[in-house]
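Student: One structure follows; several queries about it will come next.
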Amino acid sequence: MPLILTPPLKIQTRVQRSLRCLTGQAAGVVVRIDPMMQAPVTNKLYLSIDNLWKAFGSFLALKDISLDIHEGEFICFLGPSGCGKTTLLRAIAGLDLQTKGTVMQDGKDVSNLPPSERDFGIVFQSYALFPNLTIEKNIAFGLENTGRSKSEIAVRVQELLELVGLPDQGKKYPAQLSGGQQQRIALARAIATKPGLLLLDEPLSALDAKVRVHLRHEIHELQRKLGVTTVMVTHDQEEALAMADRIVVMNHGVIEQIGSPTEVYREPKNLFVADFIGEMNQIESTVTKGGRLSVGEKTFACHEHDFADGTPVVAAVRPEDIIPHEEGYESDDPNRNCIDVLLHEMEFLGSFWRCRLRNERFGKSELIADFSINAVRRLELGVGRTMVIEMPIDRLMAFERPEAS
Amino acid sequence: MSSPTTNLTTMPEGPVIKGKISRDDIIMRSGMIVIALYLIATLVFPLYAMLSKSFSTYRFELSQYEFQVSDEVGVFDGTILTGSELNAQTGVYEDLDLSTGSDGRLGVTKFFPDFSFRSPVMYQIRNTAETGRFLVGSTLQDSTEWVTLDSNTFRRVQLRPMKSTGMDNFINYFSTPALFNSIKNSLWIAVVSTIVTVTLAFWFAYALNRSCMRYKGVFRLVAMAPILVPSLLPGIALVYLFGNQGMLKELLFGASIYGPIGIVIGSVFFTFPHAFLIISTALAISDGRLYEAATSLRSTPWRTFWTVTIPGARYGLISAAFVVFNLVITDFGLPKVIGGQFNVLAVDIYKQVIGQQNFEMGAVVSVVLVVPAILAFAIDRMVQSKQVAALTARSVPYQPTPNAKTDRIFFVYCCFVAFFIIGLLAVCQFAALIKFWPYDLSLSLNNYNFDKMDGGGWASYFNSIKLGLLTAICGTAVVFFGAYLVEKSNGFRTGRAIFQMFAMLPMAIPGMVLGLAYIFFFNNPSNPLNAIYGTMAILVICTVTHFYTVSHLTAVTALKQMDREFESVSASLKQPTLKLFSRVTVPVCLPAVLDISIYLFVNAMTTVSAVVFLYSPKTTLASIAVLNMDDAGDIAPAAAMGMMIFYTNAAARVIHLLASRGILKKTQAWRAR
Amino acid sequence: MKRKASIFAAAAAGVMLATSAAAETELTVYTAVEAEDLARYAEKFNESHPDIKINWVRDSTGIITAKLLAERDNPQADVVWGLAATSLLLLKSEGMLEAYAPAGVDKLDAKFVDGDNPPAWVGMDAWVASVCYNTVEAEKNGLKPPSSWKDLTDPMYAGHVIMPNPNSSGTGFLDVSSWLQLFGEEGGWEYMDALHENIARYTHSGSKPCKLAAAGEIPIGVSFAFRGAKSKAAGAPLEIIVPSEGVGWDMEATAIVAGTANLDAAKTLVDFTVTKEANEMYNSGYAVVAYPGVAKPVEHFPDGLLDAMIDNDFEFAANNRAAILKEWQSRYDGKSEAK
């Protein structure tokens, strides 16, 4: 499968030339396409969502959503199914109008406009390619009736086919292409009219794992090159982390956190985000003197927090943040958070070992820790061994304890 | 789990965002409104007109008449008595006697016990109300002046009823055994036919799905043949087989074919394909793994049949039963031809309306007939929705294994059924070619000389083809476009729900009822749509409406298989929805579109019940001609015309098949990988 | 959508054109005469009156009567030409007919003219009840030909007689009304009670009993004479019997609809309908016509039929129709399903 990522030099210049016409950027706006592939984000506010509500009968699918998106940004709506992310996307597109609230796009209030009067291209999980039209005609569908001549359309269609790396497939029907190829055609069709906003509704979910990773890259690259503001809905955190400039984590119709991939991963605002993105050990504990967290008789130093003494909280640490030490390792520093554990179970996951650790203080629950192969070899770890682990102070976080469970 | 970024958990008060209506929305919605209005004008209003007709009653208002009687020499003493006073004195008429039909007449001499037409006593009578009417002989008196009459003329006085509203018609209906007995008769033949048909069809479908016998394709074709003929054709065949001059008369051992026996045999014939199709589908989707499990548990075939086969097909069986029940109870043609003195509801409507011009009573019988029809329809819909749920969970299709003995039994059984179906058709064809049964058995084409018979001649045959084509074209366009609008447009939820309901309604309305309702609605001089009464247009409209539901469901099923997001994509590309409709939706759904048109064509060719009230001399139809020629006693030409319908429909089917293949090849190239 | 709208528009325009095509006067004429005869009637009329165009509205007797009654307050018809007299009497009793004595009405057989002066309607031709008797089937069953209505109640004929149901057939009703007139009300019902025992079944149409007799489906069919003559001519082994007590009959008649805007043209048309010429025209479809001496003998038509026609009291038939049918239905329709 040809990659857009590393086109030969000659093609690259052509691609760049065509990109300028694709994005239709005003001459004054600088589009950066550097080797680091940083986002061509400008500071211009492009899409602004204010106090958006959506009710289906008495059920509130979106509750008071506010969000600003800048020009050229790649935003991912991430959340479990039913969290309202698709509803939000469809409200932005005008496909299902919000009940309350405003949507401003490019300085214009589009809150109540039908989709046909907004400026966006959209790609669905199902591709939604017209099965009885050839690939060419699918891509040309939106170009017709726009004052373009037939030959202009043909040129443009070929341009787009090359852009998505399928230059020879124009005469085929969608059913004759693979899923990944079909999704690229859907993408080509969506950007054919140079929309200011590209909406992707779980575009990769229907594909198998390898194609998914591959296409993820291509979409990412394409977005960077075109500089088109993009909103993608996904339930796959890996996808969001890999592609987005900013991730909007949603749950139960509200935004839990907005931030860059590293922010939401490293500094989750709450237990939901912490748990939903990446893995997180959760230990019930209480805040004690000095803001330390007590688990059983032991107290641990932790990352800064605002909880008062005596507040029941959840102490949380990511498996990969746990540092292994040999048995008997002791540190005088009470802020090093070292404890003895029994290595109960080990699972080899290729690049690391997933270990289940027990300590009677944690009760029945186990701690999960990911140790590098090196560390396992160095410390000669094995099932049944006792060892010492350290939970680094800035990686041990305290979150409000959920009410029910 | 969550700590929302906002404290608001209830939506603030204030206006809800109202979407700006796009040009496409306007087109889609107005399209939907147009088609909904079509359904209202062609279904809801007529039915309402019929319902109100059934409550429109006529009563003799005795208090509106005043009488004076003279002495022997013709001198009036000025005593005035009203009709109600006279009736109270003499008590000749009960309250129920005073309710009547639109052409009711009431003699007045009974109010005067000592009346003699030879006596010299003079009488005076007058209306007191402006609207009152009475006759002297057949001359209408509608003024409020006194009319003086000698006793010989006075006996010719007839009071006329006044129009009012009430339950009288229904009371009358249920107090007339001749009428309400039909309910029992209708239910009886419907139940018996249902049991027989479903049993026969089940084993036939079972043989085709679960055995390895030969010629399954042929049997399948034969089983579907009765769909191509009007329901009354088997009746004609039965006359030739079991009538008093019948070829096989002795087989009935003296019983008469004219009556329930004939209706049941004929009903089995014409409902067989419907039951077969439904049961066959139900058997085809059952799970083969259950049979493997049964075999591994060493279950006997008999036990397997009762614990696996029957439960698996139960929804199909129930659905088939109600469909057959509905078809039989609402059928008019067959009992008309072969029913003899066995009265059924559908024929009662015809008799009341055509024979007696008692439209009110026709409306009452219609209302009575609608009740079981709607019940059967509702149960069928409920069962079908369950079957869909069962279908999604299906897994491995059952593969029958050869078994020489049972295969042979099934083969013989299927031959028997096929012989029954082909036999009846062959008898009709044979009868059509005989010069003068039973006295001159030479072959001739005289019976095809339709122009010399009642029923409209060859013109009616060509009218039928015209009706078939128009119905297929207009009907498919309206139905498919309507289904598209309701399935794919945005918002407008209530409108769409109402539309769906209208679209389902026709199936529950018997053809006779629809036809009668059309008379009430369209044959009303004050109705602006009155102009289409008596034209081909009303036949097309009526037929489209009558067969709307099945067509609509076919279209909806096809449309549901289309990607839901096509419309969104098209809108995001700023392309009009109608472009998407013509470029993508219609071509992709072409197989369904063709299915709808052939369905409408075949039914337009065979329908009798809905159009029997609506044809005019210029728009006689072949199916009606069969009925009318039979009615006039020209049974052989009726059979000939019936077979013409059969051949035409068979040819249409073949053309449809070839055309579909050709068009599919051209337009559905994308289906091939 | 657009295309469909234009089709509707075209259709509507077509309808309007059809009703307003050029001719000096147009008459809307309602009729129950066979469609094949209508063109002939109009042609003949237009030979002498080319300035009056006839727009036919044709349907079966029942439907056209119902249509006229339904339009009582807003009549669409100018003239009714060729509808059963019993139906016209219903219209008369609704005050819907314009009394008019056409020129030359005095030449017609008085039986064929409304008793009022001026008459509300004028007859054209008559159909007369008769019994169709299949000699072959009768012999097979060992039957003797009946000679009177009373004979038909002989138990010998049990299950061998078919007659039309008066509730759906005009012929059936004229039989019943003639029996009630011949035998009196009580005697009439007694007669029908006895006859009912012999009836195999009642048919919906009046011509069917005779056709069934012709086809041997039944030996005896109570029907009308002209039908029998036709079947006999077609080769059926039929005998057409005129019962000795007399036979019922009904006629087709003509009338002007009250309130017509084209009264003069309507009168011209009705004048034509009573001419000898017109009666000759009726004769091709009916054996008995209103103008004495016009009717040519019809092959196989039974002798003495004209004399056997009873002095039919149409007023009695029209005024008691509803009551008679109700009584008939409760006596014979409800019982018959027991078989």
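Protein chains in written order, with the numbering used here: chain E, 1450 to 1854; chain B, 547 to 1219; chain L, 154 to 492.
Glycine residues also receive a C-beta, built at the ideal position from the N, C-alpha and C atoms.
(1) Tell me the residue span of the alpha helix (DSSP H) that contains B/F1045.
(2) Using C-beta distances below 6 Å, list every residue in its chain close to E/Q1731, excluding the 5 sequence neighbours before and after it, in chain order.
(3) The stretch 1583-1603 of chain E: which residues have C-beta closer than 9 Å to a C-beta of chain B, in chain order?
(4) If contact is defined by three or more beta carbon pairs under 8 Å, each pair taking one atom from either stretch, is the stretch 772-787 of chain B in contact with the stretch 874-881 of chain B?
(5) Can you list the residues of chain L that B/P1163 reaches, using a CB-CB cut of under 7 Å?
(6) Look at E/I1817 and E/R1805 and say whether their C-beta atoms are less than 8 Å apart.
(7) Taking all protein chains shown into account, decide if B/D714 is buried (16 or more other Cβ within 10 angstroms of its Cβ) or exposed.
(8) Beta-carbon within less than 7 Å of B/S1228's beta-carbon, same chain only, minus the 5 sequence neighbours each way: which residues are those?
(9) Contact defined as beta carbons within less than 8 Å: I believe L/T181 pairs with L/W234. What is the distance between those atoms, to the nearest angstrom?
(10) Please confirm if E/A1510 has its CB atom under 8 Å from at least one CB of chain B.
(11) Determine the extent of the alpha helix (DSSP H) in which B/S1143 is found, giving its start and end residues.
(12) Report buried or exposed for B/V1059, applying the criterion of at least 16 other Cβ atoms within 10 angstroms of its Cβ.
(13) Along chain L, in chain order, which residues have C-beta atoms closer than 8 Å to that of B/T646?
(14) What span of residues does the beta strand (DSSP E) with E/N1500 cover, start to end?
(15) Look at the alpha carbon of E/I1518 and the alpha carbon of E/N1784, and state the distance between them as a whole number of angstroms.
(16) For chain E, check one thing: does any of its Cβ atoms lie closer than 8 Å to the Cβ of B/A1117?
(17) What does the alpha-carbon distance come out to for the pair E/E1775 and E/K1747?
(18) Which residue comes first and which comes last in the beta strand (DSSP E) that contains B/Y611?
(19) If the cut is a Cβ gap below 8 Å, which residues of chain B does E/N1730 touch?
(20) Under 8 Å Cβ-Cβ, which residues of chain L neighbour B/P881?
(21) What does DSSP give as the partner residues of E/E1849 in its beta bridges?
(22) By Cβ distance below 6 Å, which residues in the same chain neighbour L/A382 in space, the five residues on each side in sequence not counted?
(23) Output the boundary residues of the alpha helix (DSSP H) element that contains B/C1020.
(24) Among L/D204, L/E290, L/G438, L/L244, whose alpha-carbon lies nearest the alpha-carbon of L/N472?
(25) Quick one: what's got a C-beta closer than 8 Å to E/G1477's C-beta in the same chain, skipping five residues either side?
(26) Whose Cβ in chain B lies nearer than 8 Å to the Cβ of E/G1570?
(27) Consider the Cβ of E/T1548: report whether some Cβ of chain B lies at a distance smaller than 8 Å.
(28) What would DSSP say about E/K1557, mapped onto helix, strand or coil?
(29) Using a Cβ-Cβ cut-off of 8 Å, state whether B/D571 counts as contacting chain E.
(30) May I ask which residues mark the beginning and end of the alpha helix (DSSP H) holding B/Q635?
(31) Could you tell me whether the Cβ atoms of E/C1751 and E/I1842 are closer together than 8 Å?
(32) Tell me the rounded alpha-carbon separation between B/S630 and L/K479.
(33) Step through the CB atoms of chain B and report whether any lies within less than 8 Å of the CB of L/Y355.
(34) Just the chain B side, please: which residues come within less than 7 Å of L/S360 by C-beta, in chain order?
(35) Can you check whether the CB of E/M1840 is closer than 8 Å to the CB of E/F1725?
(36) How about L/K155: is its C-beta nearer than 8 Å to some C-beta of chain B?
Tutor: Based on what the coordinates show:
(1) Where B/F1045 is concerned, the enclosing alpha helix (DSSP H) starts and stops at 1039-1054.
(2) So the qualifying residues of the chain are V1763, A1765.
(3) So the close ones are T1583, K1586, F1590, G1591, L1592, E1593, N1594, T1595.
(4) At 8 Å Cβ cutoff, the stretches touch.
(5) Residues of chain L passing the Cβ test: A188, R211, D212.
(6) A contact, by the Cβ cut-off of 8 Å.
(7) By the neighbour-count rule (16 or more Cβ atoms within 10 Å), B/D714 is buried.
(8) Not covered by the structure: residue 1228 of chain B. The range shown for chain B is 547 to 1219.
(9) The pair is not a contact, with the Cβ atoms about 11 Å apart (cut-off 8 Å).
(10) Proximity of E/A1510 to chain B, defined by a Cβ-Cβ separation below 8 Å, is not satisfied.
(11) Counting along the chain, the alpha helix (DSSP H) containing B/S1143 begins and ends at 1136-1152.
(12) Of the other Cβ atoms in all chains shown, 16 or more fall within 10 Å of the Cβ of B/V1059; this residue is therefore buried.
(13) Those within 8 Å of B/T646 in chain L are A475.
(14) In the DSSP assignment, E/N1500 falls within the beta strand (DSSP E) that extends over 1494-1505.
(15) The C-alpha of E/I1518 lies about 40 Å from the C-alpha of E/N1784.
(16) With 8 Å as the cut-off, B/A1117 counts as an interface residue toward chain E.
(17) Computed Cα separation, rounded: 20 Å.
(18) Taken as a continuous stretch (DSSP letters only), the beta strand (DSSP E) holding B/Y611 covers 611-615.
(19) Under the 8 Å cutoff, chain B gives no residues; its nearest Cβ is about 16 Å from E/N1730.
(20) By Cβ distance, chain L contributes nothing, its closest Cβ being about 11 Å from B/P881, past 8 Å.
(21) As DSSP reads the structure, E/E1849 sits in a beta bridge with E/V1762.
(22) Contacts found: V451, H453, F454.
(23) It is not in any alpha helix (DSSP H) - B/C1020 carries neither H nor E in the DSSP assignment.
(24) The candidate whose alpha carbon is nearest that of L/N472 is L/L244.
(25) Here E/G1477 scores only 35 on pLDDT, less than 50, and its place in the model should not be relied on; the value that follows carries that caveat. There are no such residues.
(26) Per Cβ cutoff of 8 Å: S1118, L1119.
(27) Answer yes: the Cβ-Cβ gap between E/T1548 and chain B drops below 8 Å somewhere.
(28) Three-state result, E/K1557: strand.
(29) Yes, its Cβ sits closer than 8 Å to a Cβ of chain E.
(30) First-last of the alpha helix (DSSP H) with B/Q635: 629-636.
(31) Yes. Within cutoff.
(32) Going from the Cα of B/S630 to the Cα of L/K479 covers about 24 Å.
(33) Yes, its Cβ sits closer than 8 Å to a Cβ of chain B.
(34) A1178, G1179, listed in chain order.
(35) Going by C-beta atoms, E/F1725 is not nearer than 8 Å to E/M1840.
(36) Low local confidence applies: a pLDDT of 42 at L/K155 is under 50, so the model's placement there is unreliable, and no value is given.
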